[in-house]
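Here is the structure we will look at, set down as structure tokens.
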Amino acid sequence: MAEPTDAPASPAAPATSTAYDPTAVEPRWYAFWEEGGFFRADPASGKPPFVIPMPPPNVTGRLHMGHALQDAVQDALIRMRRMQGYEVLWIPGIDHAGIATQNVVERELKGEGTSRHALGRAAFVDRVWDWKAEYGDIILQQKRKLGDSADWSRSRFTMDEGFTRAVQTVFVRLYEEGLIYRGDYLVNWDPENRTALSDEEVDNVERDGFLWHVRYPVVDEAGNETGEHVTIATTRPETIPADTAVAVHPDDERYRALVGRRVRVPTTDRLVPLLADAHVSPEFGAGALKVTPGHDKNDFEIGQRHGLPVLNIMNPDGTLNEAAGAYAGLDRDAARERIVADLEAQGLLVKTEPYRGTVPVSSRSKAVIEPLISRQWFVRMKPLAEPALEAVRSGTVTFHPQRWANEYFRWLENVRDWTISRQLWWGHRIPVWYHTTPDGEIDEGRDFVVSVDQPAPGMVQDEDVLDTWFSSWLWPFATLGWPDETEDLKKFYPSTVLVSGYDILFFWIARMIMAGLHFTGQAPYRDVFITGMVKDKLGRWMSKSLGNGIDPLDMIEQYGADAVRFSLVLLCAQGQDIKLDPSKFEMGRNFANKLWNAFNVFGRFMEEGRDYRRTRAFEALSLVERWMLTRLNETVEAVDNACARYRLNEALGLLYDLFWRDYCDWYLELVKPAPGEAMDEEALALAAEVYEGMLRLLHPFMPFITEAMWHRLRPRGERDALVVASWPAANAAETDVEAAQLFELIQAVVTGIRSVRSQYNVPPGRRIGAAVSLADAELVPALTAQRRIVERMAGVEALELGTGLAKPAAAAAVVVQGHEVFVPLAGMIDLDAERARLAREIAQKEGFLKGVEAKLANEGFISRAPEDVVTRERQKAADARAELEKLRVNLSDLG
RNA sequence: GGGCUCUUAGCUCAGUUGGUUAGAGCGCUACGUUGACAUCGUAGAGGUCACUGGUUCGAAUCCAGUAGAGCCCACCA
Numbered sequence: 023m024a025e026p027t028d029a030p031a032s033p034a035a036p037a038t039s040t041a042y043d044p045t046a047v048e049p050r051w052y053a054f055w056e057e058g059g060f061f062r063a064d065p066a067s068g069k070p071p072f073v074i075p076m077p078p079p080n081v082t083g084r085l086h087m088g089h090a091l092q093d094a095v096q097d098a099l100i101r102m103r104r105m106q107g108y109e110v111l112w113i114p115g116i117d118h119a120g121i122a123t124q125n126v127v128e129r130e131l132k133g134e135g136t137s138r139h140a141l142g143r144a145a146f147v148d149r150v151w152d153w154k155a156e157y158g159d160i161i162l163q164q165k166r167k168l169g170d171s172a173d174w175s176r177s178r179f180t181m182d183e184g185f186t187r188a189v190q191t192v193f194v195r196l197y198e199e200g201l202i203y204r205g206d207y208l209v210n211w212d213p214e215n216r217t218a219l220s221d222e223e224v225d226n227v228e229r230d231g232f233l234w235h236v237r238y239p240v241v242d243e244a245g246n247e248t249g250e251h252v253t254i255a256t257t258r259p260e261t262i263p264a265d266t267a268v269a270v271h272p273d274d275e276r277y278r279a280l281v282g283r284r285v286r287v288p289t290t291d292r293l294v295p296l297l298a299d300a301h302v303s304p305e306f307g308a309g310a311l312k313v314t315p316g317h318d319k320n321d322f323e324i325g326q327r328h329g330l331p332v333l334n335i336m337n338p339d340g341t342l343n344e345a346a347g348a349y350a351g352l353d354r355d356a357a358r359e360r361i362v363a364d365l366e367a368q369g370l371l372v373k374t375e376p377y378r379g380t381v382p383v384s385s386r387s388k389a390v391i392e393p394l395i396s397r398q399w400f401v402r403m404k405p406l407a408e409p410a411l412e413a414v415r416s417g418t419v420t421f422h423p424q425r426w427a428n429e430y431f432r433w434l435e436n437v438r439d440w441t442i443s444r445q446l447w448w449g450h451r452i453p454v455w456y457h458t459t460p461d462g463e464i465d466e467g468r469d470f471v472v473s474v475d476q477p478a479p480g481m482v483q484d485e486d487v488l489d490t491w492f493s494s495w496l497w498p499f500a501t502l503g504w505p506d507e508t509e510d511l512k513k514f515y516p517s518t519v520l521v522s523g524y525d526i527l528f529f530w531i532a533r534m535i536m537a538g539l540h541f542t543g544q545a546p547y548r549d550v551f552i553t554g555m556v557k558d559k560l561g562r563w564m565s566k567s568l569g570n571g572i573d574p575l576d577m578i579e580q581y582g583a584d585a586v587r588f589s590l591v592l593l594c595a596q597g598q599d600i601k602l603d604p605s606k607f608e609m610g611r612n613f614a615n616k617l618w619n620a621f622n623v624f625g626r627f628m629e630e631g632r633d634y635r636r637t638r639a640f641e642a643l644s645l646v647e648r649w650m651l652t653r654l655n656e657t658v659e660a661v662d663n664a665c666a667r668y669r670l671n672e673a674l675g676l677l678y679d680l681f682w683r684d685y686c687d688w689y690l691e692l693v694k695p696a697p698g699e700a701m702d703e704e705a706l707a708l709a710a711e712v713y714e715g716m717l718r719l720l721h722p723f724m725p726f727i728t729e730a731m732w733h734r735l736r737p738r739g740e741r742d743a744l745v746v747a748s749w750p751a752a753n754a755a756e757t758d759v760e761a762a763q764l765f766e767l768i769q770a771v772v773t774g775i776r777s778v779r780s781q782y783n784v785p786p787g788r789r790i791g792a793a794v795s796l797a798d799a800e801l802v803p804a805l806t807a808q809r810r811i812v813e814r815m816a817g818v819e820a821l822e823l824g825t826g827l828a829k830p831a832a833a834a835a836v837v838v839q840g841h842e843v844f845v846p847l848a849g850m851i852d853l854d855a856e857r858a859r860l861a862r863e864i865a866q867k868e869g870f871l872k873g874v875e876a877k878l879a880n881e882g883f884i885s886r887a888p889e890d891v892v893t894r895e896r897q898k899a900a901d902a903r904a905e906l907e908k909l910r911v912n913l914s915d916l917g
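For the first sequence, this note's numbering gives the first residue as 23, with consecutive numbering after it.
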């Protein structure tokens, strides 16, 4: 295998540009991994399995930031476990996305001046397959740009042959178990796509509308109007022709006498009963409700209770049918207008008031949903929900963060039957067959047959297809070959963790748990990690219509995939939504750049092709080296701990500090040689050792640059790759807490001295004297041995150490961890000028304070000024006193 | 109507089972380009942890309530 090279030909050659360029590095290393087969899982492996089912993106989908976030999380987990010695499998694939895909191809046909109806079913489905062949792989290609280490050889499609078999098996089995039934019920009807939808596919949106108050004339036994009226309130006057009753509350005194009588439905001659039902709210409107069982869910239930007829006045396309009498043929909106106008003309419209209420719309087409009676297939959910509830209650499945379990419980406890049939052409055909009459019509008089294959000549298959989720809910095991007992299924089922957004908790996650338990007897995964959703910088959903989307591919182009992943994971805290702005990726880019450049500090002294290895024991290392290794080992432990709790942002934050703060700002600054000098081999070996440790730890989060640097760091064999290198283990033997504490004291002393230098504007190159008066005599020898660190990092000439030292004249003093640090300033700065400057500032401040105090002493001010103004003045005075105190100390420091 | 989440520095947000002086990135101020990195370094300014009360030796953290923002669910037409 040819190994890519990113390094200049000679390691010692000065780089012309110091900025890291990911576009030159990332594609080559992805090819290296893929060609090396590092992502492929082996069912025969003896290693413990670690499996993540990738939520399959829609075949029509383009990579968006949500994918980028979730893939960054999943890939980090996958890569980490791979390095930890698990047999990992990340199963990728594509969802056929029934409605979405059918719509896309239909739009294409429309552009060509034709339609699916003109093409016919078989030709249309062929056309969709063609479309899939051409575009279906795009999103998986895009995912490779992110660096996803999925096993592409196992990529699946929810309508491939095996999946079709799984879906059919499941349908037949559920039917035989009595968990699938067909019936005429009120379903959510999308008049635009002309299909039924499940409850989860319907959004309730608030809209401004009107509430119409309509009088229904009361009639006597003979059917003649008595002159009495009942006034109902409705937001949907177009459904009046379908009314089969008017209802009032049983305890409503106003109507007690009228209950049992009949009323005439306006716009029709129909006489319907006035009945009492507890569902009616006496406070709403005039307390009477028109009952329309054919077009309203609640009314349907009232109708069931009272044995009312169900009238359907609507066609599947949203126009009114013959049952609507004079309004037949009108669109539902036009019908509303006409009916309101007619009511007004007849004097039956009492009033019209503005009303804001919720309207059900299709989550996909956005069309207003029409509750419509139709014959559909349903899954009985209660029996499936019980075990799924128990699995989470008992801890067999754990949610992270845990609060999502509550949402899950609430949904499952109130779950309703699932409408699974869709009046589409693209999807899994329902495996049900009907006898036909001699003229080719379905013979409703004879029983249908549930069967995968045509049971008898002449029988025709159900026209409908299944809801897309009816295949996706089988994802974790159907992808592994179920219903066959495959090697993959034995090794890799159940999965370990599912990573997903909360938006598909009910659609997918809950249903997968139900399906897994029911069909395999095992929950499909142990953990569910719910991520937040990626929003725009104002917290709005990213959408095409708002044009506020941030394209991950653009961001990868601009900042690099490592940077995109790094920033997303760092921002992904415990299920909180991410408000994203492109500038956030600068964080990741800068980090990658720093990682790239840090290597040069020691890498330029390394001979090409040589493998630098430490020979010294830990105890023989310098203080800074022991501190560095201690920090590394502590961080390994903390990172492992954070990742076990799915706190990847925390883990990455720890690595950020380890690399930037500890390794670059302190360790490298101390071990890098002075100009003209070189680093010795032991120092090089240790610098490389720590750097390599960090590459391993960072690899799950930034796979590309770490792999590239890992190969530059040492000579590697052909099959060597960081992607399969071992994960660092926290080494207790190379952890020295005391050394770390001593080094931290030194850091504090250095910072204290730097602070003084900065405050007094000591020129940067100027070496100064300093003394530390330690509170603890035992520290004197320890610190004396390390004085060179302070001298180098703080620009100190000769550090004096002792206990009970007196503060020299003309010196600044700071207290550090209870020790006193003195910095003589004589000769370092112009003392007279500094004294004069301080004196000037003190005088100025005193004048200001005097003014404020005078104001506060003025009783007129105190009594008349608003309280907050007085408070602010008091605060000003306090601040001024504090500043004065500081300045006076500074002045006295100078003697 | 029910439930959930959020409110911490100018901005965007972390903050592990309550425990020293509440942190980061960006922005801001001053200084700095001597051989890693200006996509950088050093130092610094900046916080009533929304508000009120309670528990505690001790509260950003736990409890109760209030206010504001957002999300999910639900059959007041």
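For every residue, glycine included, the Cβ atom is placed at its ideal position computed from N, Cα and C.
Is the beta carbon of Val646 less than 8 angstroms from the beta carbon of Phe765?
yes
Inter-residue Cα distance where the pair is Ile452 and Ile552:
32 angstroms
Pro239 - partner residues in DSSP beta bridges
His251
Let me know the secondary structure DSSP gives Ser32 once reduced to three states.
Here Ser32 scores only 37 on pLDDT, less than 50, and its place in the model is too uncertain to base an answer on.
For Tyr634, count neighbouring Cβ atoms within 10 angstroms of its own Cβ and tell me buried if that reaches 16, exposed if not.
buried
Could you check whether Leu342 and Ala357 sit closer than 8 angstroms to each other, using their CB atoms as the reference points?
yes
Considering just the uninterrupted stretch of the alpha helix (DSSP H) at Thr123, what are its terminal residues?
Gly120 to Gly133
Identify every residue that forms a DSSP beta bridge with Thr458.
Ile464
Please state whether DSSP places Arg425 in a helix, a strand or coil.
coil
For Arg231 and Pro393, what's the separation of their Cα atoms in angstroms?
The sequence given here places Gly at residue 231; Arg does not occur at that position. Spanning the two alpha carbons is a distance of roughly 18 angstroms.
Host alpha helix (DSSP H) of Ser589 (start-end):
Ala583 to Leu593
Within this structure, are the beta carbons of Glu109 and Ala172 separated by less than 8 angstroms?
no
Roughly how many angstroms lie between the CA atoms of Tyr581 and Leu617, to the nearest whole one?
14 angstroms
Going straight from the alpha carbon of Ala424 to that of Tyr668, what length do you get?
Reading the sequence as shown, one finds Gln at residue 424 and not Ala. Each residue's alpha carbon lies about 11 angstroms from the other.
In the structure shown, what three-state DSSP assignment does Gly817 receive?
coil
Sort out for me which residues DSSP pairs Asp230 with in a bridge.
Arg378
What's the C-alpha gap between Ile121 and Asn215?
8 angstroms
When you compare each of Ala770, Gln398, Gly787 and Phe640 to Val812 by their alpha carbons, which one comes out closest?
Ala770
Sorted by chain position, which residues of the same chain lie with C-beta nearer than 6 angstroms to Val474's C-beta, five sequence neighbours on each side aside?
Gln190 and Pro453
Can you list, in chain order, the residues of its chain with a C-beta nearer than 7 angstroms to that of Glu260? Leave out the 5 residues immediately preceding and following it.
Arg354, Ala357, Arg358 and Ile361
If you draw a straight line from the C-alpha of Val150 to the C-alpha of Pro574, how long is it?
27 angstroms
Quick check on the burial criterion: 16 or more other C-beta atoms within 10 angstroms. Buried or exposed for Pro918?
In this structure the chain extends from 23 to 917, so residue 918 is not present and cannot be described.
Cutting at 7 angstroms between CB atoms, please list the residues of its own chain near Pro36, excluding the five before and the five after it.
Legend: pLDDT at Pro36 = 40, less than 50; position of this residue unreliable, no value from coordinates given.
Would you mind giving the Cβ-Cβ distance between Arg283 and Val240, rounded to the nearest angstrom? I have them listed as a contact below 8 angstroms.
6 angstroms
If the criterion is Cβ atoms closer than 8 angstroms, does the pair Leu406 and Met536 meet it?
yes
Residues of its chain near Gly774, where Cβ-Cβ distance is below 7 angstroms and the 5 sequence neighbours each way are ignored
Val836, Val838 and Val843
Does the Cβ-Cβ distance between Trp530 and Trp495 come in under 8 angstroms?
yes
Excluding sequence positions up to five away, which residues of its chain have a Cβ less than 8 angstroms from the Cβ of Met414?
The sequence as given places Val at residue 414; Met does not occur at that position. Once the five neighbours on either side are set aside, the close Cβ partners of Val414 are Thr420, Phe421, Ala427, Tyr430, Phe431 and Ile535.
Could you check what DSSP says for Gly824 in three-state terms: helix, strand or coil?
strand
Rounded to whole angstroms, what's the CA-CA distance from Asp915 to Gln106? Just pull it up for me.
57 angstroms
In whole angstroms, give me the CA-to-CA distance for Ala94 and Ser517.
18 angstroms
By the DSSP assignment, the alpha helix (DSSP H) with Asn671 in it spans what residues?
Leu670 to Tyr678
Tell me which same chain residues have a C-beta within less than 6 angstroms of the C-beta of Ala34, skipping the five on either side of it?
Bear in mind that a pLDDT of 37 at Ala34, under 50, signals an unreliable position, so the number given afterwards is only what the model happens to contain. Correct list, in chain order: Arg626.
Pair every Cβ in the segment 181-188 with every Cβ in the segment 158-168, then say whether three or more of these pairs are closer than 8 angstroms.
no
Status (buried if at least 16 other CB within 10 Å, exposed otherwise) for Phe306
exposed
Three-state class that DSSP yields for Asn210 in the structure shown
strand
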